[in-house]
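Its first residue numbered 1, the sequence shown is counted upward by one per residue in my numbering. Think of the CB as a built atom: it goes at the ideal place given N, C-alpha and C, for glycine as much as any other residue.
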Amino acid sequence: MFTEIDGGAIVYKMVDNKPKYLLEKSATSDFWGFPKGHIEGKETLEQAAIREIKEETDIDATIDTDFSVDAEYDMKNGHHKIVTFYTSKVGNPKVTLQKEEISDYVWQNYADARKTLTYDNLKEILDKTNDYVASKWS
């Protein structure tokens, strides 16, 4: 079985001392998730995450490598995928979507983001991320 390795990030901004998380809606399905994508060439996971944020949202981001969490799942095409997500705290950026891949986006607080995310494994990743963000910024 082919295993695909991706890098991604949970992008957030602080509003009134609370995080608002960036969620993206896939242009090809009703899937809501986080920026992510495959590694190109000799990129590191971190470089892939930064590039995907830029490509999908036009946000110039940096990532926090002190925190990461992995999601593993099997895809419909039979491939196995492992995505390493980092966090990325941003200011108040203008979002410009890559319309071929992303049809919509929202900034949401933790509770609303948890309801919006499509898959349980992403909700668990948000849970861990929110705990980390709370410990870092409280």
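- Counting C-beta atoms within 10 angstroms of its own C-beta, Ser88 has 16 or more neighbours from the protein chains shown and is therefore classed as buried.
- Counting along the chain, the unbroken beta strand (DSSP E) around Glu4 starts and ends at Thr3 to Val15.
- The beta carbons of Phe2 and His80 sit closer together than 9 Å.
- Under the three-state reduction of DSSP, Val69 is assigned to strand.
- Counting of Cβ neighbours within 10 angstroms places Val15 among the exposed residues, the total staying below 16.
- In the three-state reduction of the DSSP assignment, Lys18 falls in the strand class.
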